[in-house]
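J.: Next up is a structure, given as structure tokens.
There are 2 protein chains.
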Amino acid sequence: MRKKGIQTNDPHVQALARIVGGEKSILYKKEDLIAYDCDGFTVHRHLPKAVVFPKNTEEVAAIVKYCHEHDLPFLARGAGTGLSGGAIPLNGEVIISLVRMKRLISVDLENRRAVVEPGFVNLKLTNSISDRGYYYAPDPSSQYCCTIGGNVAENAGGAHCLKYGVTTNHILGLEVVLPNGEIIEIGENGIPDPPGYDLLGLLTGSEGTLGIVTKITVRILKNPEAKQTVLAYFDRVEDASQAVSDIIAAGMVPAALEMMDQTAIEGVEAAAFPVGHPKDIEALLLIEVDGISAGIPEQIEEILRICRNRNVREVKVAQTEEERARWWANRKTGFGAMGAISPDYLVQDGVIPRSKLPEVLKNIQEISKKYGLRIANIFHAGDGNLHPLVLFDASKPGETEKALAAGSECLQACAAVGGSITGEHGVGIEKKEEMRFIFSDEEILAQTDIRDVFNPKNLLNAGKLFPTPGRCVEVKKEKKQKQLL
Amino acid sequence: MRKKGIQTNDPHVQALARIVGGEKSILYKKEDLIAYDCDGFTVHRHLPKAVVFPKNTEEVAAIVKYCHEHDLPFLARGAGTGLSGGAIPLNGEVIISLVRMKRLISVDLENRRAVVEPGFVNLKLTNSISDRGYYYAPDPSSQYCCTIGGNVAENAGGAHCLKYGVTTNHILGLEVVLPNGEIIEIGENGIPDPPGYDLLGLLTGSEGTLGIVTKITVRILKNPEAKQTVLAYFDRVEDASQAVSDIIAAGMVPAALEMMDQTAIEGVEAAAFPVGHPKDIEALLLIEVDGISAGIPEQIEEILRICRNRNVREVKVAQTEEERARWWANRKTGFGAMGAISPDYLVQDGVIPRSKLPEVLKNIQEISKKYGLRIANIFHAGDGNLHPLVLFDASKPGETEKALAAGSECLQACAAVGGSITGEHGVGIEKKEEMRFIFSDEEILAQTDIRDVFNPKNLLNAGKLFPTPGRCVEVKKEKKQKQLL
């Protein structure tokens with residue numbers, strides 16, 4: 003095979019290629035870069051300057067140092083499944099792809115920890131340790147392909163986070179390349195709650211704006227001795243919502259407590275994993291309990307009783323592991339399934355106090371009517387984490403804008419009842435203006451001040467997470483600086 | 003009664019008195035200030051300039067603004083039960099005591115939240131909601147008098163944090179007065195994992211160096227349906243340690259899993275709540291499981307089986323709630339009980355990987371021999387959070403210094419096996435130099451940079467949490483600043 007070498011005169015590309023060991027670890031031609039112009043949020047597209055594929059922390063640090071010294075914008079990317087545009091190269095960034103850093107470095111069963119590289123795929127961790135009776139809890143629906151590095155950046159959640167918590171609850175240590183190329187370790191030995199400021203928590207969910215994670219120590223859990231799964235069909239969405247409240251009020255903490263509405267059911271039944279859900283029900287609940295065997299039957303009985311009290315049409319318990327797996331495949335591929343009933347769809351992600359569920363679902367129906375766009379709901383009902391899916395057709399002029407406006411109004415409806423604009427998908431570029439729904443100027447300033455400490459040149463993933471500062475923020479910043487003189 | 007007015011010409015004291023509404027809300031005479039010269043860490047003592055008692059957030063903000071404008075050092079104080087000196091006025095601070103801000107503002111059972119002022123006593127929250135079937139999980143041993151504001155500052159733990167997590171896992175929202183007097187709300191509606199940087203996590207456990215918390219939204223939990231408690235006596239400490247490992251390895255997560263060694267047992271049996279523990283055993287375990295009733299007996303059986311496998315001398319299950327309460331009173335007053343067998347004692351607080359328990363306990367015995375000081379161990383064995391209690395007599399010349407050195411060596415022993423220098427008591431002034439055991443200069447600098455963002459004049463609780471910067475840190479800081487020019 004003929005060695006072609008780097009076919010560009012761009013000195014930055016040549017220098018970056020030297021750092022990562024040549025042409026096989028860098029992309030720089032337009033036809034190659036197109037695949038990196040967006041992530042799971044496809045509404046905005048921008049070409050990166052180049053994509054580099056480092057093999058280890060030292061290469062990441064060298065790339066970052068080079069970018070820092072030459073004022074090149076840069077950002078890190080995992081599998082690119084993020085739903086809020088966090089990995090989109092808005093400013094023609096150098097993309098540092100971490101997919102080649104995909105080793106499972108170590109597993110320590112006795113102390114319940116594993117150490118992985120950021121490009122290690124989420125589900126592979128559970129697959130690597132399940133035969134010894136352990137698993138990794140955070141389970142975003144994209145877990146078969148998303149990376150743990152990306153999960154850390156977005157503080158990813160998942161169906162089972164009701165009982166087990168989101169990614170931040172499972173991160174024990176991080177190795178991080180700071181935006182100037184320095185390498186630091188946080189909680190390096192995987193001891194929970196290390197002294198000093200909670201940098202672990204700060205980095206987790208910082209959406210790639212404070213540093214690049216190059217090694218991750220995660221908590222692993224013992225498989226629950228038993229689990230059982232219930233599927234419940236409701237004629238009225240209010241009854242399903244009430245059943246959710248009743249289950250929580252009974253003091254149970256199911257491992258998962260998911261809801262789908264009628265439009266969502268239409269979608270999943272038309273897609274790859276149909277279950278045979280009736281299409282004329284307003285809502286279904288998918289409920290899973292796990293733990294030691296002894297307590298499970300009593301909890302299932304209680305859940306069945308609650309569902310019947312709330313006028314459930316039909317309720318059943320999974321009879322085999324295969325049936326359970328099929329119900330979950332139907333649920334976990336639910337977002338993509340909307341493609342079966344609509345050319346395009348926009349996933350939203352808001353959080354509300356559980357008690358406001360019926361009210362907000364009604365508001366979302368009204369938003370749907372107002373814009374003339376169908377909105378499906380598939381979501382983590384147990385923790386009040388809504389996922390309205392706005393169905394639209396991007397080929398119709400103006401419909402993308404309408405879908406974005408409808409999605410934003412859904413978030414406003416969440417914020418209005420004391421909720422939040424994202425549960426687990428992050429802010430990225432998608433929702434940065436919506437941050438104003440819940441944060442004052444001072445509160446945004448307190449955060450951008452922190453970003454400036456880590457990322458003073460703002461070369462790392464700029465233009466994400468925070469709204470464009472208004473004049474009043476600038477004035478406050480000047481005033482603050484003056485106070486210090 | 004004669005109105006005396008403020009009896010000092012100090013204009014700052016007069017101004018502060020005006021802010022808080024007069025002489026009844028300020029202390030400034032030396033005889034009154036002595037009570038505030040230390041907290042639960044009694045080795046260092048310093049007089050504050052004054053102690054003010056604000057009644058609300060606005061008064062706190064006005065005091066802070068005044069201090070900020072007049073360059074007066076200041077710090078916040080709750081009940082003063084902290085064990086690492088976080089509330090000691092090293093620099094003659096104005097102490098802002100939050101004990102009058104002690105309201106339970108609201109309870110929202112449906113969404114499992116309560117809002118409290120920072121001076122609200124920890125145990126009062128559980129007492130206020132237990133008749134409705136709820137409780138607040140973090141239970142430091144001082145919970146009958148420590149305040150939730152102080153718990154937030156120190157990220158306090160407790161015996162039941164093995165299953166339920168430490169304070170940071172239960173904080174949903176904070177109102178904070180920043181060091182310049184601005185008021186911000188973080189996660190104001192109690193939605194978990196709000197977007198943007200995790201300021202909730204950053205503030206929680208920041209030991210009063212980033213801001214003053216004036217309102218706290220906490221998660222409340224439903225009382226477990228049932229709980230049972232086991233007391234197990236072991237002839238050999240290695241067997242007790244192994245039983246701890248076996249219980250965790252069996253996939254159980256007890257609500258609490260506590261250990262006491264022989265010296266500790268001698269202390270608690272000589273103090274206020276003796277249980278009748280045999281004095282010739284090397285260790286006891288106090289184990290509690292909770293949850294739905296159905297699973298409890300099986301878990302207890304499994305625990306008894308494990309203890310017997312590990313040569314337990316005697317093991318018993320609490321037969322009545324009264325017996326259980328007595329066992330816990332014996333454990334929770336354990337630190338103070340050391341006063342019954344030693345004139346003085348120093349509590350240490352380290353964390354180790356659970357698998358290193360036997361090794362580190364042995365090292366602590368050697369440290370005890372080396373210094374000729376007895377060291378008792380009462381601790382959260384389930385999560386590897388050790389509490390060596392160094393017994394000494396401060397009236398003997400040089401013995402305080404020896405005790406401090408022995409305590410520091412215990413921490414070094416924890417760090418040496420990949421552990422940490424504090425589990426739940428904080429760094430304060432006690433352990434700031436020990437931070438070097440686990441953090442590099444870069445890692446400390448990353449943290450002090452964050453402090454400087456919030457607290458740029460370093461008037462708020464200065465000289466805590468981080469080691470005195472060495473010359474190399476200064477050089478790095480200069481270099482970093484130069485890079486930005």
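Residue numbers (the working numbering), protein chains in the order written: chain V, 3 to 487; chain C, 3 to 487. Beta carbons: idealized from backbone N, C-alpha and C, even for Gly.
Can you check whether the C-beta of residue 364/C is within less than 8 Å of a C-beta belonging to chain V?
T.: For residue 364/C, the answer is no, since every Cβ of chain V falls outside 8 Å of its Cβ.
J.: Quick check on residue 206/V - is its C-beta less than 8 Å from some C-beta in chain C?
T.: Taking Cβ atoms only, chain C reaches closer than 8 Å to residue 206/V, which makes this a yes.
J.: In chain V, which residues lie less than 9 Å from residue 467/C when you measure between Cβ atoms?
T.: Here the neighbours are 197, 198 and 199.
J.: Just to confirm the assignment, what range does the beta strand (DSSP E) spanning residue 178/V have?
T.: Per DSSP, residue 178/V belongs to the beta strand (DSSP E) from 173-179.
J.: Are any of the Cβ atoms in chain V nearer than 8 Å to that of residue 449/C?
T.: By this cut-off, residue 449/C is an interface position.
J.: Closest to residue 293/C by C-alpha separation, out of 120/C, 166/C and 161/C, would be which residue?
T.: When each option's Cα is compared against that of residue 293/C, the closest is 166/C.
J.: Which residue wins for smallest C-alpha separation from residue 168/C, given the options 141/C, 186/C and 174/C?
T.: It is 141/C whose Cα lies nearest to the Cα of residue 168/C.
J.: Helix, strand or coil: how does DSSP classify residue 469/V here?
T.: Residue state, collapsed to three classes: coil.
J.: Is there at least one Cβ from chain V nearer than 8 Å to residue 134/C's Cβ?
T.: For residue 134/C, the answer is no, since every Cβ of chain V falls outside 8 Å of its Cβ.
J.: Is there a Cβ of chain D sitting closer than 8 Å to that of residue 57/C, yes or no?
T.: Absence of chain D from the displayed structure is noted, the protein chains being V and C.
J.: Under 8 Å Cβ to Cβ from residue 315/V, same chain only, skipping five residues before and after it: list those, please.
T.: Excluding sequence neighbours, residue 315/V sits near 235, 236, 237, 280 and 283.
J.: So for residue 1/C, helix, strand or coil by DSSP?
T.: Beyond the ends of chain C as shown, which are 3 and 487, falls residue 1/C; an answer cannot be given.
J.: Taking residue 53/V as the reference, which of 104/V, 46/V and 62/V has the closest Cα?
T.: The shortest C-alpha separation from residue 53/V is found at 62/V.
J.: Is there at least one Cβ from chain C nearer than 8 Å to residue 219/V's Cβ?
T.: By this cut-off, residue 219/V is not an interface position.
J.: On a Cα-Cα basis, can you pick out the residue from 423/C, 216/C, 147/C and 460/C that is closest to residue 175/C?
T.: Of the candidates 423/C, 216/C, 147/C and 460/C, the one whose C-alpha sits nearest the C-alpha of residue 175/C is 216/C.
J.: Measure from the C-beta of residue 78/C to each C-beta in chain V and report whether the shortest distance is under 8 Å.
T.: Not one chain V Cβ lies under 8 Å of residue 78/C.
J.: From residue 18/C to residue 65/C, what distance separates their C-alpha atoms?
T.: If you take the alpha carbons of residue 18/C and residue 65/C, they lie about 7 Å apart.
J.: Which residue from 199/V, 244/V, 57/V and 306/V puts its Cα closest to that of residue 358/V?
T.: Per the Cα distances, 244/V.
J.: Under three-state DSSP, which class holds residue 394/C?
T.: Correct three-state label for residue 394/C: strand.
J.: Kindly indicate which residue of 76/V, 451/V and 260/V has the alpha-carbon position closest to the one of residue 291/V.
T.: The option with the nearest alpha carbon to residue 291/V is 260/V.
J.: Go ahead and label residue 15/C buried or exposed: buried means 16 or more other beta carbons lie within 10 angstroms of its beta carbon, across all protein chains shown.
T.: It is buried - the Cβ of residue 15/C has at least 16 other Cβ atoms within 10 Å.
J.: Would residue 66/V pass as an interface residue toward chain C - the criterion being a Cβ-Cβ separation below 8 Å?
T.: No, residue 66/V lies away from the interface with chain C (no Cβ there is under 8 Å from its Cβ).
J.: Who are the neighbours of residue 441/C on chain V, taking C-beta pairs under 8 Å?
T.: Under the 8 Å cutoff, chain V gives 198.
J.: Provide the residue(s) that pair with residue 261/C in DSSP beta bridges, ordered along the chain.
T.: For residue 261/C, which the question treats as bridged, DSSP gives the partners 287/C and 381/C.
J.: With a CB to CB cut of under 6 Å and the five nearest residues on each side skipped, what residues in its chain are close to residue 155/C?
T.: Excluding residues within five positions, the ones whose Cβ falls inside 6 Å are 209 and 210.
J.: Just the Cα atoms here: how many angstroms apart are residue 13/V and residue 35/V?
T.: So the alpha carbons of these two residues sit roughly 18 Å apart.
J.: Can you tell me whether DSSP reads residue 387/C as helix, strand or coil?
T.: Strand, per DSSP.
J.: Could you list the residues in the region 294-316 of chain C with a C-beta less than 7 Å from some C-beta on chain V, going in chain order?
T.: Going along the region 294-316 of chain C in chain order, one finds 294, 296, 297, 300 and 301 with a Cβ nearer than 7 Å to chain V.
J.: Is the Cβ of residue 357/V closer than 8 Å to any Cβ of chain C?
T.: Taking Cβ atoms only, chain C reaches closer than 8 Å to residue 357/V, which makes this a yes.
J.: Please report the distance separating the alpha-carbon of residue 470/C from that of residue 96/C.
T.: If you take the alpha carbons of residue 470/C and residue 96/C, they lie about 22 Å apart.
J.: Residue 115/C lies in the beta strand (DSSP E); which residues open and close that run?
T.: That run of the beta strand (DSSP E) goes 115-118.
J.: Would you say residue 253/C reaches chain V, if we count a Cβ-Cβ gap shorter than 8 Å as a contact?
T.: Yes, residue 253/C lies at the interface with chain V (some Cβ there is under 8 Å from its Cβ).
J.: So, for residue 207/C: in the same chain, excluding its five sequence neighbours on each side, which residues have a beta-carbon less than 7 Å away from its beta-carbon?
T.: Excluding residues within five positions, the ones whose Cβ falls inside 7 Å are 156, 157 and 170.
J.: Relative to the C-alpha of residue 134/C, which residue among 251/V, 81/V, 266/V and 91/V is closest?
T.: Comparing Cα-Cα distances from residue 134/C to each of 251/V, 81/V, 266/V and 91/V, the minimum goes to 251/V.
J.: Excluding five sequence neighbours on each side, which residues of the same chain lie with their C-beta closer than 6 Å to the C-beta of residue 438/V?
T.: Counting only Cβ-Cβ distances below 6 Å, and skipping sequence neighbours, we find 469.
J.: In terms of residues, what are the limits of the alpha helix (DSSP H) holding residue 337/V?
T.: Start and end: 336-339.
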